[in-house]
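Enquirer: Would you mind keeping the following structure in view while I ask a few things?
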Amino acid sequence: MLLKASVVVTGGFLILPFLVAAGFILACAWAGTRLGDGARVRRRRAVRLGAAVLAWFLVTGLTAATGVLRRFDATPPPFAVLALAVGVIGIAVPCSSLGTLLARGLPLWFLVGFQVFRLPLELLMHRAYVEGVMPVQMSYSGLNYDIVSGITAGALGLWLGRRGVPRWVVASWNMLGFVLLVNIVSIAIVSTPAFRWFGNERLNTFVTYPPFVWLPAILVTAALMGHILVWRRLSETPAADGSPNFGMRPTAFGRGTRARPDRVA
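Residues in the sequence shown are numbered consecutively from 399, following our numbering.
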C-alpha cells in the first residue's frame, strides 16, 4: 500500500536512502583502500555489506507495505520495534570493527561532510508537509531544525578539507547535530498514534508507508552512525605535541603508513 504524494516527494524518499546506503558501502571500500586492505578483502566486505543493506531495505519496506507498522494498537507496537532496531543498529555498527575501519580509514572532512544529506532530506520533508503527507511539527516550519545540521556539515567539511579547524569546533558541531537529531526523532515518536502529543490532526503515520519508512530505517540510522563515528575519530590518542594524531593511519590493522592528514588544530 502506498501513500498519495507527488512524484518529487515519493521519488526523493526513494532515491535519497539508496544514495546514502550506496555511499556507506563505497565509504567502507575507500576506508579499506586507505588502510591497505587487498582487493579481495574489499570485494568480500562489499558483498556482505551490500547483502545486509539490501535485506534491511526489503524487510522494512515489506513490513511497511503490508501494513504491519500501522498496528499501533498492538503490544508492543511494531513501529516501536522498528525504532528500537534503528537505535541498536545506529549504535552497534559504528562501535563495531566496521566502525573502527570507517573511523580510522576515512578522513575527518568526509565523516563530517557525509551528513550533508540532511539538507536535501529536510527540503523533502518540508515538501511532504506542504502536500499534507507529513505533520507540520516534523518540518522546519514547525519544530524540526535539523536542516542546520545539513548546511553546517557541508560548510565544516569544506573547511576541514582546506585548512586547520580547532578540535572544539568539530566536537561542538557534532554535539549540535546529535541534539538536533534527537530532537526530531523525539518529535516523530510522540507524534505517532501511540502518543498523539500534537493532536489527532497532526499524527505521524507517513513513515509507516513505503518508501517513507526508509526515513527512520536508513536515513536516521545513517545520521546516528555518522555522529558516533566522528566522536570515535575525535577520541583517537593525541600526538606527543598534544595535537590530534589524525595524520597517521592506525596500527590496529597491522599497518602504520601515513594517510592524507586531517586539518584539525
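Glycine included, each C-beta is placed from N, C-alpha and C at the ideal position.
1) Need the endpoints of the alpha helix (DSSP H) that G430 sits in, please.
2) Closer than 8 Å is the cut-off here; do at least three beta carbon pairs connect the segment 567-579 with the segment 486-505?
3) So for W595, helix, strand or coil by DSSP?
4) Note down the Cα distance separating E520 from V405, rounded to an integer number of angstroms.
5) Would you report the Cα separation of A481 and I487, rounded to the nearest angstrom?
6) Please report the distance separating the alpha-carbon of T606 from that of V451.
7) Would you mind giving the Cβ-Cβ distance between V510 and L554, rounded to the nearest angstrom? I have them listed as a contact below 8 Å.
8) On the criterion of 16 or more Cβ atoms from any shown chain inside 10 Å, does V445 qualify as buried, or is it exposed?
9) Can you tell which of Y538, P476 and L622 has its C-alpha closest to the C-alpha of A592?
10) So what does DSSP say about T697, is it helix, strand or coil?
11) Report the rounded CA-to-CA distance for A621 versus G409, giving the unit in angstroms.
12) Closest to R525 by CA distance: which of V514, R516, S537 and F515 is it?
13) To the nearest angstrom, how far is it from the Cα of G597 to the Cα of V546?
14) Do V611 and L467 come within 8 Å of each other at the CB atom, strictly closer than that value?
15) Pull up the distance between the alpha-carbon of G465 and that of G421, whole angstroms please.
16) Distance, Cα to Cα, D471 vs T461?
17) Since I believe I616 is in contact with P415 (beta carbons under 8 Å), could you give me their beta-carbon distance rounded to a whole number of angstroms?
18) Counting C-beta neighbours from all protein chains within 10 Å, is the total for T550 16 or more, i.e. buried, or is it exposed?
19) Starting from the C-beta of G654, find all residues in its chain whose C-beta is less than 6 Å away, skip the five residues before and the five after it, and write them out in chain order.
20) Entirely within the segment 448-509 and at least 4 residues each: give me those alpha helix (DSSP H) ranges in chain order.
21) Which residue wins for smallest C-alpha separation from G624, given the options S589, W571, N602 and P608?
22) What did DSSP end up calling T635 once you bin it into helix, strand or coil?
23) Using a Cβ-Cβ cut-off of 6 Å (strictly less than) and excluding sequence neighbours within five positions of G459, which residues of its own chain qualify?
24) Taking the C-alpha atoms as reference points, what is the distance between C426 and F455?
25) Enumerate in chain order the residues of its own chain whose CB-to-CB distance from V534 is below 8 Å, with the five nearest sequence positions on each side excluded.
26) Find out if the Cβ-Cβ distance for the pair F515, V588 is shorter than 8 Å.
27) State yes or no: is the C-beta of E529 within less than 8 Å of the C-beta of A403?
28) Contact defined as beta carbons within less than 8 Å: I believe L627 pairs with A501. What is the distance between those atoms, to the nearest angstrom?
Expert: So, from the listed chains and residues:
1) V405 to R432
2) no
3) coil
4) 17 Å
5) 10 Å
6) 19 Å
7) 5 Å
8) exposed
9) P476
10) Given a span of 399 to 663 for the chain in the structure shown, any question on residue 697 remains unanswerable.
11) 20 Å
12) S537
13) 27 Å
14) yes
15) 29 Å
16) 16 Å
17) 4 Å
18) buried
19) Caution is warranted here: a pLDDT of 36 is assigned to G654, below 50, making its placement in the model unreliable, and no coordinate value can be reported.
20) 476-490 and 495-503
21) W571
22) A caution first: T635 carries a pLDDT of 43, below 50, which makes its placement in the model unreliable, though a value can still be read off. T635: coil per DSSP, three-state reduction.
23) P608
24) 18 Å
25) Y527, G540 and R600
26) no
27) yes
28) 5 Å
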